[in-house]
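Visitor: To start, I am sharing the structure in question, which I have written as structure tokens.
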Amino acid sequence: MKNPFVVTGVVDDPSFCNRQHEQTELARHIENSQNILLYSHRRYGKTSLILKVLRNLRHVDPLYVDLYGTTSVEGFIKALIKGASILEPKSSRFINLIRETISGLSISFGFDPISQTPNIGASFERQPAAVDIEAVFQLIRKVTREKKIVIAFDEFQEVAGYGSDTFEKDLRKSIQHHDNVSYIFAGSQRHILTLMFNDTKRAFYQMAIHMPLDRISTVDYVDWVKDLYGQAGKTIDEMAIRDVVARCENHPKYVQEFFYTLWSARKIGTEAINAVENTIIEKRSVEFMNVWDSLSLNQKKALKLVAATGGAQLFSAANLDRFKLKTASQVVAAMKVLEQRELVSKNGEYRIFDPVFRKWVKRFV
């Protein structure tokens, strides 16, 4: 049996760990044509969950749209049309539908020799803003022949950075009138998504059911790891699994990486686990140094403060003096930026969200 744990890319069975509750909830909302705001921290398995649920739908046509890296309305429209093209196997029909539905847009088809899949190119004969977004959604309805559909926008927070004063309003105006369509707005930058969907002045205010993606429980990890080892005729001590999960603070990406590396080990004890932990920290050091160098002096002090205290008594005189912070207001200002950059999170107390980054800060700076 090959190594069942995954370090990069989208995760599917048998490497996909549980999330049965989230799968059921997300599928139920989709089947009822509800809109969902699905958000999580980075590398929490959000995309893997979405694609797994979409693959298992029986009476709903799925359309997945990856908005990561898009910087404009033009990029959004191209990504949406590319997603729609996957639902129509006949390229000639798809081109004809575009000509019937959308004016000012030219389409070309090609073939990606690396992925061995067809790809689509879209070019605008006039300004992208002049292309009616509702016409693009009409195209999708024609492609799906008016069937019940779900459109999943991954990394939806990118829309907030397009620099358009009207696009969010135009998008909502179009979406809110669609029947038999469920929309998933997914993303990993919580502060941006919170503003988009919770601010009364924003177009997407109360537009979707909120569905935060939390950590996977230790019990689920234990059952999953033991099952994978058992399928390969191998055994692993439950305390070793719990030790790894605790060190990773239940972070899905790091749990996968830990066990991927441990898979070939003959004996899994504290020594082997320590070695893997050190390797993972060392591999991320360059990335972490780049992040560290981008911070102001007070932000660096604030991160060291959180790492050392675990978020407890941040504003005590002793802790402020220990890390050379003059006032509590300096900590508050630094924390605001660190939260915006998704480096710390607050749930009662502040904490460095990435457990490996926290270990790196404590160890090297």
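If you read the sequence shown in UniProt numbering, its first letter stands for residue 1, the second for the next number, and so on. Beta carbons: idealized from backbone N, C-alpha and C, even for Gly.
(1) What is the rounded straight-line gap between the Cα of Ala328 and the Cα of Phe288?
(2) Hey, Trp263 and Asn18: beta-carbon distance below 8 Å or not?
(3) Assign Tyr44 to one of two classes, buried (16 or more other C-beta atoms within 10 Å of its C-beta) or exposed (fewer than that).
(4) When you compare each of Thr47, Glu88, Val65 and Cys248 to Val10 by their alpha carbons, which one comes out closest?
(5) Pairs of beta-carbons, one from the region 289-308 and one from the region 334-341, closer than 8 Å: are there three or more?
(6) Three-state secondary structure (DSSP) at Val186?
(7) Exposed or buried, Ser188, counting other C-beta atoms within 10 Å across all chains shown (16 or more means buried)?
(8) Contact check, Met211 vs Glu25 under 8 Å by CB: the rounded distance?
(9) Residues in its own chain within less than 6 Å of Phe137 by CB, not counting five upstream and five downstream?
(10) Do Leu139 and Ile95 have their C-beta atoms within less than 8 Å of each other?
(11) Taking the beta strand (DSSP E) that residue 373 belongs to, which residues open and close that run?
(12) How many angstroms separate the CA atom of Gly269 from the CA atom of Ile241?
(13) Taking the C-alpha atoms as reference points, what is the distance between Gln157 and Val286?
(14) The alpha helix (DSSP H) with Tyr64 in it runs from where to where?
(15) Identify whether Lys90 lies in helix, strand or coil by the three-state DSSP scheme.
(16) Please check the pair Ile209 and Ile36, which I expect to be a contact at CB under 8 Å, by giving their CB distance rounded to whole angstroms.
(17) What number of angstroms, rounded off, separates the C-alpha of Leu332 from the C-alpha of Asn347?
(18) Is DSSP giving Ile192 helix, strand or coil here?
(19) Tell me where the alpha helix (DSSP H) around Pro14 begins and ends.
(20) If you reduce the DSSP assignment to three classes, tell me which class Pro212 lands in.
(21) For Ile352, which residues from the same chain have a beta carbon less than 8 Å from its beta carbon, with the 5 sequence-adjacent residues on both sides left out?
(22) Have a look at Thr144, Val65, Ser91 and Gln231 and flag the residue whose alpha-carbon is nearest the alpha-carbon of Asp154.
Guide: By the coordinates alone:
(1) 26 Å
(2) no
(3) buried
(4) Thr47
(5) yes
(6) The sequence given here places Ala at residue 186; Val does not occur at that position. Looking at Ala186 - three-state DSSP - the assignment turns out to be strand.
(7) buried
(8) 7 Å
(9) Ser174
(10) no
(11) No information on residue 373 is available, as it lies outside the stretch 1 to 365 that the chain covers here.
(12) 10 Å
(13) 27 Å
(14) First-last for Tyr64: Asp61 to Asp66, but that is the beta strand (DSSP E), not the alpha helix (DSSP H).
(15) coil
(16) 5 Å
(17) For the sequence presented, residue 332 should be read as Val rather than Leu. Approximately 15 Å between the Cα atoms of the pair.
(18) helix
(19) Element bounds for Pro14: n/a, residue is neither H nor E.
(20) strand
(21) Leu303, Val306, Ala307, Leu343, Val344, Arg358 and Val361
(22) Val65
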